[in-house]
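Numbering (full-length UniProt numbering), first residue to last: 1 to 809.
Scroll down for the structure; my scribbles are underneath it.
Rendered as structure tokens:
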């Protein structure tokens with residue numbers, strides 16, 4: 001049972017916001033988390049149904065109350081293992097995201113004078129199809145971890161199977177790509193081995209540059225709740241600024257930006273030097289690895305343990321202190337904890353390690369700390385990456401909606417993988433292009449570059465994301481699209497955003513329970529829901545849009561939209577073998593297109609042991625963690641701990657651990673060595689401050705949804721810049737004063753918050769990115785990890801000046 005203090009803590013945060021509601025079309029009643037599903041209030045025509053929350057990658061389940069065709073109430077779902085009836089403040093208000101007054105309700109086409117003209121869907125689909133037909137190789141598709149699994153799968157098949165074009169990438173490239181390459185480089189396969197149960201059983205929780213108290217509060221409460229029951233859980237917060245996570249921590253280790261890399265190296269150095277690493281685990285289950293002299297590669301080359309010892313020898317506590325900013329004593333404390341086999345240690349990280357020019361490196365290093373010490377594969381002993389989006393795992397990483405990937409862990413560069421996919425899709429051999437497409441930063445660089453200067457992306461379709469606010473270095477990668485007459489931006493959206501500002505064609509989209517869906521959360525849990533209400537006006541499903549465009553191309557005679565039998569590649573047939581015209585929206589819900597696409601996708605999931613159950617099993621469950629395998633009695637069993645013989649059905653019988661997709665093909669995981677490299681930009685005399693960006697508790701990503709919820713917007717109405725009091729005093733800046741935050745790339749005006757919720761050290765500032773009226777990504781740089789291609793939003797040099805002051809030239 002959940003402790004009452006935990007319930008009260010989360011409920012009080014939600015109810016405080018709920019209590020401040022005013023009458024308005026985004027306000028919904030909050031149902032107490034301790035009400036059972038069968039105790040939920042009902043009225044005449046009132047119905048409740050399950051759905052995962054629309055926000056972060058935690059994957060909380062909610063009960064959605066619908067009456068008269070409208071969502072009227074939200075409750076935490078007590079039947080859900082993830083959250084056991086609890087929600088964060090955003091989750092309690094998730095139903096209101098459907099009802100902002102400025103919903104987009106009809107297709108809009110930009111005119112020569114800049115105005116937007118309403119058009120019919122048929123015209124919109126024809127415009128898109130004609131541009132693609134005329135130049136398929138210059139078309140790009142940009143999505144996100146907010147794509148449902150069927151949406152992402154449809155986009156993937158359309159691009160790679162139909163167009164033979166790999167220019168498809170998600171905004172998860174900006175947030176999860178380094179986690180992906182970290183898992184691949186270490187285990188040969190993506191996604192975490194542990195699950196949320198680790199939070200219930202660990203003795204020590206280490207947060208590596210992240211703030212779960214605000215970003216994943218339901219998960220963090222699983223740890224703090226244990227303390228209220230008398231359990232001892234030591235929380236160690238490694239960060240560049242104090243946060244609400246710091247307030248709950250036993251130890252706060254304030255590192256310099258980029259300091260996580262030497263910290264991990266320093267821990268491994270001491271484990272090796274003191275001889276207290278887990279020799280048996282390493283000997284049986286691990287290899288050592290590093291980059292070859294010829295350059296950085298995902299899988300590197302094998303090195304001996306002796307070579308590993310030689311390379312890591314220089315990362316003494318004293319040397320690590322100079323590089324990281326944390327003390328010799330703190331380094332030794334961490335190493336001593338990992339040296340203790342009786343202590344169960346779980347590491348958590350998110351954007352701090354991923355949005356990093358050494359993102360792949362630091363991910364593999366933290367995995368390596370756990371492998372070297374043997375703190376792996378047992379409940380409570382786990383290196384765990386958390387995701388920020390509701391299906392960054394299920395869609396982006398598993399469906400593989402990345403420029404280099406194919407569904408189920410396959411990649412376009414491998415002929416046998418292309419052949420498998422072509423067979424599954426029943427398309428002609430050679431349909432899939434062997435050359436990876438452009439990753440996100442490169443894709444937008446090519447789109448905003450004039451065509452006569454080499455910018456070879458001319459049409460881009462954006463679904464379920466807001467790159468006009470989230471891209472780094474916005475002036476270069478987005479705003480430079482202005483005035484390029486041959487560039488055409490199509491945006492499927494729910495509300496006007498920074499991205500629709502430059503869109504040439506805007507398509508109104510259905511959202512969340514206005515359509516069917518399937519998500520995958522941070523612990524490999526696949527979760528399904530059904531459409532519960534109709535979208536407003538002419539808003540339509542993103543999957544339908546993709547299929548409708550594909551069928552228009554089919555009608556125009558585009559060969560790629562035909563399979564080997566001459567049928568439409570998205571053909572859906574009834575039990576009698578008759579095709580259902582799902583490309584006609586009034587026929588789209590004659591069948592469950594989601595189920596059809598999901599069952600087609602399932603066949604891809606077995607190669608990397610990411611096995612999924614049939615769609616109908618997810619209808620009955622609050623999600624199942626893959627691999628899901630069928631039992632002798634016909635039931636389906638989920639897996640909590642991968643690679644561990646006690647739980648993973650794919651570990652060979654009698655083996656304690658088996659890394660069955662090992663990149664060294666010997667069942668072993670890889671312990672990496674990476675040499676520390678400084679950040680690409682550091683403070684100097686002209687730009688003397690470190691700038692870090694991130695999220696806040698009340699808002700999710702760019703605030704497109706949460707800023708339209710009155711209680712959340714009142715609680716956090718504007719972005720700000722956090723400063724240390726002494727820095728503000730030295731610059732004669734006062735609390736609340738509007739200042740200019742500026743870098744070599746751009747500037748942003750923000751009010752100052754001194755000694756606020758977050759507390760940066762001297763010489764450092766923090767700005768959240770949720771506020772579209774204050775675009776801090778005009779300031780951030782686009783330097784990125786050479787392997788994952790993920791940009792670094794966490795560290796660049798900037799300056800803060802008073803608006804009345806003369807800005808240095």
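Glycine is no exception: its CB is placed at the ideal position from the N, C-alpha and C atoms.
Which same chain residues, not among the five before or five after residue 370, have their C-beta less than 6 Å away from its C-beta?
Cβ within range, chain order: 376, 383.
Return yes when the Cβ of residue 213 is within less than 7 Å of the Cβ of residue 276, no when it is not.
No.
Apply the 10 Å Cβ neighbour rule to residue 141 and answer buried if 16 or more other Cβ atoms are within range, or exposed otherwise.
Counting Cβ neighbours within 10 Å, residue 141 comes out buried, since at least 16 surround it.
What separation, rounded to the nearest whole angstrom, lies between the Cα atoms of residue 231 and residue 54?
Their backbone Cα atoms lie some 32 Å apart in a straight line.
Would you check if the region 284-296 and the region 704-717 touch, i.e. whether three or more CB-CB distances between them fall below 8 Å?
At 8 Å Cβ cutoff, the stretches do not touch.
In three-state DSSP terms, what is residue 346?
In the structure shown, residue 346 sits in a strand (DSSP, three-state: E or B).
At the level of alpha carbons, what is the spacing between residue 579 and residue 610?
C-alpha separation (whole angstroms): 31 Å.
Cβ atoms of residue 625 and residue 524: under 7 Å apart, would you say?
Against a cut-off of 7 Å, the Cβ pair of residue 625 and residue 524 comes out as a contact.
Quick check on the DSSP output: the beta strand (DSSP E) that includes residue 383 runs from which residue to which?
Per DSSP, residue 383 belongs to the beta strand (DSSP E) from 382-385.
Which full runs of the beta strand (DSSP E) of 3+ residues lie inside the region 128-210, going along the chain?
Here the runs fully enclosed are 139-143, 168-170, 204-208.
Could you round the C-beta distance between residue 509 and residue 539 to whole angstroms and report it? I think they count as a contact, below 8 Å.
Going by Cβ atoms, the distance from residue 509 to residue 539 rounds to 6 Å, so yes, they are a contact pair.
Count the other C-beta atoms from every protein chain shown that fall within 10 angstroms of the C-beta of residue 684, then say buried if there are 16 or more, exposed otherwise.
It counts as exposed.
Taking only three categories from DSSP, how would you classify residue 60?
The answer is coil: DSSP assigns residue 60 none of H, G, I, E or B.
When you compare only the Cα positions, how much space is there between residue 724 and residue 385?
Roughly 30 Å separates the two Cα atoms.
At a cut-off of 6 Å, would you count residue 577 as near the ligand PLP, judging by its Cβ distance to the nearest heavy atom?
Judged by which ligands are present, the structure shown has none, so any question about the ligand PLP falls away.
Please determine, among 153, 620, 663, the residue with the shortest C-alpha to C-alpha distance to residue 391.
Comparing Cα positions, the closest option is 153.
Are there 16 or more other CB atoms within 10 angstroms of the CB of residue 728, so buried, or fewer, so exposed?
Residue 728 is buried by the Cβ-count criterion.
Which parts of the UniProt domain "4Fe-4S Mo/W bis-MGD-type" (46-102) are runs of the alpha helix (DSSP H), unbroken and 4 residues or longer, counting only runs that do not cross its ends?
Counting whole runs of 4 or more residues, the UniProt domain "4Fe-4S Mo/W bis-MGD-type" (46-102) contains the alpha helix (DSSP H) stretches 89-92.
Ignore the nearest five residues each way along the sequence and tell me which others in residue 403's own chain have a CB closer than 7 Å to its CB.
The residues are 166, 167, 168, 169, 436, 437, 438, 439.
Between the alpha carbons of residue 484 and residue 448, how many angstroms are there, rounded?
Spanning the two alpha carbons is a distance of roughly 8 Å.
For residue 702, I'd like the list of residues in its chain whose CB is within less than 8 Å of its CB, leaving aside the five on either flank, ordered along the chain.
Cβ neighbours of residue 702 beyond the five flanking positions: 466, 469, 470, 497, 498, 769, 770, 772.
Should residue 798 be labelled buried (16 or more other beta-carbon atoms within 10 Å of its own) or exposed?
So residue 798 ends up on the buried side.
Out of 373, 251, 396, 294, which has the shortest C-alpha to C-alpha gap to residue 326?
Measuring from the Cα of residue 326, the nearest candidate turns out to be 251.
For residue 391, name the three-state secondary structure that DSSP assigns.
Note: residue 391 maps to coil in three-state DSSP.
Let me confirm a value: residue 207 is counted as buried when at least 16 other C-beta atoms fall within 10 Å, else exposed. Which label applies?
Result: buried.
Between residue 430 and residue 563, what straight-line distance do the alpha-carbon atoms span, to the nearest angstrom?
Each residue's alpha carbon lies about 12 Å from the other.
Identify every residue that forms a DSSP beta bridge with residue 237.
For residue 237, which the question treats as bridged, DSSP gives the partners 207, 252.
Helix, strand or coil: how does DSSP classify residue 319 here?
The answer is helix: DSSP assigns residue 319 an H, G or I state.
Can you tell me the Cα-Cα spacing of residue 521 and residue 67, whole angstroms?
So the two alpha carbons sit approximately 28 Å from each other.
Would the region 668-680 count as touching the region 116-131 if we require 3 or more Cβ pairs under 8 Å?
Counting Cβ pairs under 8 Å, fewer than three are found: no touch.
From residue 504 to residue 361, what distance separates their C-alpha atoms?
Approximately 40 Å between the Cα atoms of the pair.
Which whole-angstrom value is the C-beta distance of residue 178 and residue 790, which I expect to be below 8 Å?
Yes, they are in contact, since the Cβ atoms of residue 178 and residue 790 sit about 5 Å apart, within 8 Å.
At 4 residues or longer, what runs of the alpha helix (DSSP H) sit wholly inside the region 753-777?
Runs of the alpha helix (DSSP H) inside the region 753-777: none found.
Could you check where the beta strand (DSSP E) with residue 508 kicks off and where it finishes?
It spans 505-508 - the beta strand (DSSP E) in which residue 508 sits, taken as one unbroken run.
Roughly how many angstroms lie between the CA atoms of residue 876 and residue 569, to the nearest whole one?
No answer is possible for residue 876: the residues shown for the chain start at 1 and end at 809.
Would you report the Cα separation of residue 775 and residue 192, rounded to the nearest angstrom?
Computed Cα separation, rounded: 33 Å.
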